[in-house]
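With our numbering applied, the sequence shown covers 11 to 255. Only one structure is covered here, and it is reproduced in the block below.
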Amino acid sequence: MDVAFRIDRTSPVPLYFQLSQQLEKAIEHGKLPPGTLLGNEIELAGRLGLSRPTVRQAIQALVEKGLLVRRRGVGTQVVHSQVRRPLELSSLYEDLEAAGLRPTTRVLDCSLVPAPGEVAAALGVPEGAEVHRIERLRLTHDDPIAYLRNFLPPRTLEPTAAELEATGLYRLMRASGTTLHSARQSIGARAASREEAELLCEPKGAPLLSMRRTTFDDTGRAVEFGSHLYRASRYTFEHQLLIRP
């Protein structure tokens, strides 16, 4: 582990909390990737000049957050952190970038298809009309976290697989002149099918978060319909709630 930690003994912030915060940032920013061994508490305490109980408390705080795990015979190890995504009109790619998680994309399909009933209704086109279908697997640190299916009406955007691998769909839409204004979204959950489980590296029947979203431009026209699946073990939606006066 080559990450340097700075402990300020003059600060009113508890030493264990300083250490846990710095460890958490190093994990979230990829400086301590999944699988990294931290060594035992005695070694870490010696390196930092801290007491063993202080180090144990810092590690326990991150174990409870799901960022570290204690493995018998192995030691304390970094595990995959959970993606926390705000409920706002943004793309997963941009949210992961902002969190420093280095997103990558594997394009599974990018073609013109007849619009199924649900897609046609969402986009306001006749059923069977030609729409763009885009299927992608979104990954961080080579680990899949989401299976994304998006449908675009004709003449909205014709992205190539190379473009979709390089950046997010919403960024491409904005670059093409589309002004994303608002969206209607629903969130649910269901069990993974065999195919979905294989794509997302989960066992068949594992819980998945589902999201359906119809996005509108500044003229009120539907410009995208998305049907996405997220690994519940790696992903949460966050939303700020205000009390109505």
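Glycine is no exception: its CB is placed at the ideal position from the N, C-alpha and C atoms.
(message) Run through the DSSP bridge pairs and tell me what Pro-217 is partnered with.
(response) Ala-201
(message) Rounding to the nearest angstrom, what Cα-Cα distance links Arg-194 and Thr-64 in this structure?
(response) 47 Å
(request) Could you pull out every unbroken alpha helix (DSSP H) segment of at least 4 residues lying fully inside the stretch 29 to 88, listed in chain order? (result) 51 to 58, 62 to 74
(request) Taking only the alpha-carbon atoms, compute the straight-line gap between Pro-126 and Thr-225 and give it to the nearest angstrom. (result) 17 Å
(request) Given a cut-off of 8 Å, decide if Cys-120 and Ile-155 are closer than it, judged by their beta-carbon atoms. (result) no
(request) List the residues that DSSP assigns as beta-bridge partners of Val-123. (result) Val-141
(request) Output the distance between the C-alpha atoms of Ala-232 and Val-123, rounded to the nearest integer angstrom. (result) 18 Å
(request) Have a look at Ile-17 and Gln-31 and give me their C-alpha separation to the nearest angstrom. (result) 11 Å
(request) Report the residue from His-191, Gly-230, Met-221, Ala-201 whose alpha carbon sits nearest the alpha carbon of Ser-237. (result) Met-221
(message) Taking 7 Å as the limit between beta carbons, can you name the residues of its chain near Leu-190, skipping five residues before and five after?
(response) Leu-99, Tyr-180, Met-183, Arg-184, Thr-225, Asp-227
(message) Are the CB atoms of Tyr-157 and Leu-210 within a distance shorter than 8 Å?
(response) yes
(request) Starting from the C-beta of Pro-217, find all residues in its chain whose C-beta is less than 7 Å away, skip the five residues before and the five after it, and write them out in chain order. (result) Ala-199, Ala-201, Ala-242
(request) Using the DSSP secondary-structure output, state which residues sit across from Arg-222 in a beta bridge. (result) Ser-196, Ser-237
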